[in-house]
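Accompanying notes for the structure given below.
2 protein chains.
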Amino acid sequence: MIDDNGVQVIRIGVLGCGNVGAALVDLVRTQADTVEQRTGLRLEIAQVAVRNMSAQRDVDLADGVLTRDAQSLVTDPNIDLVVEAIGGIEPARGYILDALKHGKPVVTANKELLANCGAELYAAADAAERDLLFEAAVAGGIPIVRALRESLHGEPITRVMGIINGTTNFILTKMTDAVLGGGDGDYAATLAEAQALGYAERDPTADVEGYDAGAKAAIIATVAFGAKVVAGDVYHEGISRVSGSEISIADRLGYCIKLLGIVERDAESHEVSVRVHPTMVPKEHPLASVRDSFNAVFVEGDFADSLMFFGRGAGGAPTASAVFGDVLDAAINLRRETHGSLGVLHEAKLRPIDETEAEYLLGLDVVDEPGVLHAVTGVFASHGVSIRVAEQEGNGPEARLVFITHSAREADVQATVRELRGLDVVRNVGGLLRVIGD
Amino acid sequence: MIDDNGVQVIRIGVLGCGNVGAALVDLVRTQADTVEQRTGLRLEIAQVAVRNMSAQRDVDLADGVLTRDAQSLVTDPNIDLVVEAIGGIEPARGYILDALKHGKPVVTANKELLANCGAELYAAADAAERDLLFEAAVAGGIPIVRALRESLHGEPITRVMGIINGTTNFILTKMTDAVLGGGDGDYAATLAEAQALGYAERDPTADVEGYDAGAKAAIIATVAFGAKVVAGDVYHEGISRVSGSEISIADRLGYCIKLLGIVERDAESHEVSVRVHPTMVPKEHPLASVRDSFNAVFVEGDFADSLMFFGRGAGGAPTASAVFGDVLDAAINLRRETHGSLGVLHEAKLRPIDETEAEYLLGLDVVDEPGVLHAVTGVFASHGVSIRVAEQEGNGPEARLVFITHSAREADVQATVRELRGLDVVRNVGGLLRVIGD
Numbered sequence: 001m002i003d004d005n006g007v008q009v010i011r012i013g014v015l016g017c018g019n020v021g022a023a024l025v026d027l028v029r030t031q032a033d034t035v036e037q038r039t040g041l042r043l044e045i046a047q048v049a050v051r052n053m054s055a056q057r058d059v060d061l062a063d064g065v066l067t068r069d070a071q072s073l074v075t076d077p078n079i080d081l082v083v084e085a086i087g088g089i090e091p092a093r094g095y096i097l098d099a100l101k102h103g104k105p106v107v108t109a110n111k112e113l114l115a116n117c118g119a120e121l122y123a124a125a126d127a128a129e130r131d132l133l134f135e136a137a138v139a140g141g142i143p144i145v146r147a148l149r150e151s152l153h154g155e156p157i158t159r160v161m162g163i164i165n166g167t168t169n170f171i172l173t174k175m176t177d178a179v180l181g182g183g184d185g186d187y188a189a190t191l192a193e194a195q196a197l198g199y200a201e202r203d204p205t206a207d208v209e210g211y212d213a214g215a216k217a218a219i220i221a222t223v224a225f226g227a228k229v230v231a232g233d234v235y236h237e238g239i240s241r242v243s244g245s246e247i248s249i250a251d252r253l254g255y256c257i258k259l260l261g262i263v264e265r266d267a268e269s270h271e272v273s274v275r276v277h278p279t280m281v282p283k284e285h286p287l288a289s290v291r292d293s294f295n296a297v298f299v300e301g302d303f304a305d306s307l308m309f310f311g312r313g314a315g316g317a318p319t320a321s322a323v324f325g326d327v328l329d330a331a332i333n334l335r336r337e338t339h340g341s342l343g344v345l346h347e348a349k350l351r352p353i354d355e356t357e358a359e360y361l362l363g364l365d366v367v368d369e370p371g372v373l374h375a376v377t378g379v380f381a382s383h384g385v386s387i388r389v390a391e392q393e394g395n396g397p398e399a400r401l402v403f404i405t406h407s408a409r410e411a412d413v414q415a416t417v418r419e420l421r422g423l424d425v426v427r428n429v430g431g432l433l434r435v436i437g438d
Numbered sequence: 439m440i441d442d443n444g445v446q447v448i449r450i451g452v453l454g455c456g457n458v459g460a461a462l463v464d465l466v467r468t469q470a471d472t473v474e475q476r477t478g479l480r481l482e483i484a485q486v487a488v489r490n491m492s493a494q495r496d497v498d499l500a501d502g503v504l505t506r507d508a509q510s511l512v513t514d515p516n517i518d519l520v521v522e523a524i525g526g527i528e529p530a531r532g533y534i535l536d537a538l539k540h541g542k543p544v545v546t547a548n549k550e551l552l553a554n555c556g557a558e559l560y561a562a563a564d565a566a567e568r569d570l571l572f573e574a575a576v577a578g579g580i581p582i583v584r585a586l587r588e589s590l591h592g593e594p595i596t597r598v599m600g601i602i603n604g605t606t607n608f609i610l611t612k613m614t615d616a617v618l619g620g621g622d623g624d625y626a627a628t629l630a631e632a633q634a635l636g637y638a639e640r641d642p643t644a645d646v647e648g649y650d651a652g653a654k655a656a657i658i659a660t661v662a663f664g665a666k667v668v669a670g671d672v673y674h675e676g677i678s679r680v681s682g683s684e685i686s687i688a689d690r691l692g693y694c695i696k697l698l699g700i701v702e703r704d705a706e707s708h709e710v711s712v713r714v715h716p717t718m719v720p721k722e723h724p725l726a727s728v729r730d731s732f733n734a735v736f737v738e739g740d741f742a743d744s745l746m747f748f749g750r751g752a753g754g755a756p757t758a759s760a761v762f763g764d765v766l767d768a769a770i771n772l773r774r775e776t777h778g779s780l781g782v783l784h785e786a787k788l789r790p791i792d793e794t795e796a797e798y799l800l801g802l803d804v805v806d807e808p809g810v811l812h813a814v815t816g817v818f819a820s821h822g823v824s825i826r827v828a829e830q831e832g833n834g835p836e837a838r839l840v841f842i843t844h845s846a847r848e849a850d851v852q853a854t855v856r857e858l859r860g861l862d863v864v865r866n867v868g869g870l871l872r873v874i875g876d
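Protein sequences, first through last, are from chains A and B.
Just so we're aligned: 436 in my numbering is position 436 of the first sequence, and the numbers increase by one with no gaps anywhere.
For my numbering, count along the second sequence from 1 and bump the result up by 438.
See below:
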């Protein structure tokens, strides 16, 4: 629409008015003049669809802007662009498909939807020749999707590793601080503290068991490698079994423990591995410096070498900032009658977790008697797992052996663990921690 | 051009075949198939213009690709897109203007040119309705320009701070490691080591005195704030006066010393401050973890909060990776008959360095006698500079006072320093170090 002053107005319809929706409305309002100066486009919030018209909201909306009819919003010819901020799979999926069919570019922050139905939605956007942008779906305010889609779209990316869940990074940071301060860094107590501070949900499962990070990892793999990867393809382990004593061992050996989402592609077989698990990160690695609820994504490519993107992974304002960047982009593209695209996605050849390779840390509680180390190392050797570091802590009934392997195949390490559990001299086998390798 | 298979071919003309030009040619060749699969575009190196046809090069070029005639290349209707990789102001400026006039998008990594003639070139690109992309001109392989141009173009950015010179970061890292290892961290010896390793030029002035970082800061300010800022507007101090003892004091107080390029805009007056100087960075700040020759850019915005972009700031391959990302973008835009733009740039209201505010660290060698601290603090007070930390190291003839101020105006601190130099009890006034504040 062209207004009375000859300025092109982009009328935005927003689905949902929670934290992100409200912050976006605020951002559009405060930045409208600046945007108009720099782009000649006037952004306007035309409609906001909510389920409950009478709920208290943190935002002032003009009369008539609020509606309960999301379905009409996405087909309304007076809406130029749709922002989906309701989350979940349905009805969000249906609204987005309808909006695209009606020629409206869509901006979404919905990681669950994209990690499950992404390929369908990207194809629908291409068919409609409209943008489907989703910067905020991965790592909130950090522009990693754009970097992968655009800056690095010609780069042969080998691996992406991300701290992409703020809750778990907050908990691991607090546990580590406690352990280094002489405390025990208990997981359950730290989780309770995070819940009290609002950093963790009352039901923390999606965060602490790695589901949230897994959905984001699936999206990252799709964008980085052009491969169809869905949430269900992602191997994930959470942080609920990480103990203070593991953090302490890691620290002594020069590592800290982070929950990483890792996507890798083998240069020759083109197999893609997508997984989420607690990882030993060398202290001098840039990911090690990412504290509290911050997120960061570390990208390795043949030419660009190492890149890291750091910032706020969640929160209304940072997420809205990413959504707003997408809105502006989509608005500019709409005026120019162009749109972005992920290109043609291919079926992913997934590498099963058993076939992945890493260095591993393994702690064993053992009986301290002559020949124990010999018996234990024999088990490693029989599965072809070679040991890089072996250490004994304490002695007598409290003896503990800690091993770091050279790079080994997951299946071989798991077989080693199974056999170790059967040894008489082994009293307990601790969790397995993978170590960042080159 | 459409080839025999119906694929659109983008014929690239490259000006210059040094490290970056050669790595780009290599990248185009190795990635051509992948790019064609994902975009339907075939990238082809059509011509490479060099000064010396017979020089040894690290790259194989088909017969007839190499030329000495750069002027014909930029006007040749058989060239679709031009990459400028020769550096310097002229003749690069003329070639770029001609290429744009002839309808060719241009990709450049030329920070010197953009920091001096950017506004003219951006306007020429807008007039020609073609892309002028320059990701590699700031921080090499790190996609910070795109982040500022696109992801954050609606974000009210308040400050950008960058480690944007790899040479000086390498030197400061080595000096710091030496000091923490008990050595003296001598600047001259470390510079010589960096030169021997190829991290510093034989004439290191452009790097160590902050000229290189200053040019990049000018470009960052232009992109972040839409303001015309040129290299000559940038206040810069280099690292040649940073001493091991300053690094040691900073360490003890919880800081490390980094050479930062800082661009800020005052929310109310819209005054822009652009400067490069050694800075005390709190150890827990993400910029503190950036070691060796890596670069990083830390962006603060009202909504996105804090973001950091980390990676390789230089080197043929990382720089070529950034150039290649721009080439792909420009190629896609060319097919769609669209182009990016920085929008309308406004004249910058520059804030003189005297008017900027920061916390400062100042070290004084003093005579240790009663009343000295009183006399010295009186000078601070008389200029309205308030003290946050005061410490005395040693005593007798070796006594040293170290102060950190609260946020103060540069002019007031400079006046304080001048007056302190005149005091009988002050034997020497050390360098002034600014501290990162909120």
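Beta carbons are placed, not taken as given, at the ideal position from N, Cα and C, and that holds for glycine.
Residue environment, residue i, which counts as buried when at least 16 other CB atoms sit within 10 Å
| i | result |
| --- | --- |
| M308(A) | buried |
| L635(B) | exposed |
| L43(A) | buried |
| G778(B) | buried |
| M439(B) | exposed |
| G541(B) | exposed |
| S54(A) | exposed |
| T513(B) | exposed |
| V389(A) | exposed |
Which listed residue (the options) has its alpha carbon closest to that of residue i
| i | options | result |
| --- | --- | --- |
| E785(B) | I695(B), V668(B), V855(B) | V668(B) |
| T222(A) | G315(A), R93(A), D80(A), L342(A) | L342(A) |
| V701(B) | A563(B), S678(B), I602(B), G809(B) | I602(B) |
| A397(B) | K666(B), E567(B), V447(B), H844(B) | Since the first and last residues shown for chain B are 439 and 876, residue 397(B) lies out of range. |
| N52(A) | I2(A), L350(A), G16(A), V379(A) | G16(A) |
| A656(B) | D740(B), N548(B), Y637(B) | N548(B) |
| L499(B) | G763(B), E829(B), V827(B), D464(B) | D464(B) |
| L148(A) | T643(B), L788(B), L766(B) | L766(B) |
| L618(B) | A688(B), K666(B), P808(B), Q852(B) | A688(B) |
| V486(B) | L504(B), V497(B), A470(B) | L504(B) |
| G881(B) | H708(B), S686(B), Y649(B), V445(B) | One cannot answer for residue 881(B) here, as it falls past the ends of chain B, which runs 439 to 876. |
Contact check, residue i vs residue j, beta carbons under 9 Å
| i | j | result |
| --- | --- | --- |
| G692(B) | K654(B) | no |
| L401(A) | L361(A) | no |
| V82(A) | G18(A) | no |
| D569(B) | P594(B) | no |
| P286(A) | I436(A) | no |
| T158(A) | R275(A) | no |
| V50(A) | F324(A) | no |
| Y122(A) | L259(A) | no |
| A557(B) | L538(B) | no |
| M613(B) | G532(B) | no |
| D424(A) | V367(A) | yes |
| E848(B) | H821(B) | no |
| L571(B) | D764(B) | yes |
Chain-order list of residues whose beta-carbon lies under 6 Å from that of residue i (same chain, five-residue window excluded)
| i | result |
| --- | --- |
| D743(B) | none |
| G313(A) | A139, G140, G166, N295 |
| R421(A) | V429 |
| E209(A) | G238 |
Nonlocal neighbours in the same chain, by C-beta distance under 8 Å from residue i, ignoring five residues either side
| i | result |
| --- | --- |
| I89(A) | E112, L113, N116, C117 |
| S589(B) | none |
Cutoff 7 Å; reference residue i; Cβ partners in own chain excluding five residues on either side
| i | result |
| --- | --- |
| E832(B) | A small correction: the amino acid at residue 832(B) is Gly; Glu does not occupy that position in the sequence shown. For G832(B), where only same-chain residues beyond five positions count, the Cβ hits under 7 Å are R838. |
### Length-filtered (4 minimum) alpha helix (DSSP H) runs lying within the stretch 97-151 of chain A
Complete alpha helix (DSSP H) runs here, min 4: 111-128.
### Task
Please specify which runs of the beta strand (DSSP E), each continuous and at least 3 residues long, are wholly inside the stretch 246-275 of chain A, giving them in chain order.
If we require 3 residues or more, the beta strand (DSSP E) runs fully inside the stretch 246-275 of chain A come out as 255-265.
### Query
What runs of the alpha helix (DSSP H), each 4 residues or longer, lie entirely inside the stretch 260-345 of chain A?
Within the stretch 260-345 of chain A, the complete alpha helix (DSSP H) runs of at least 4 residues are 316-335.
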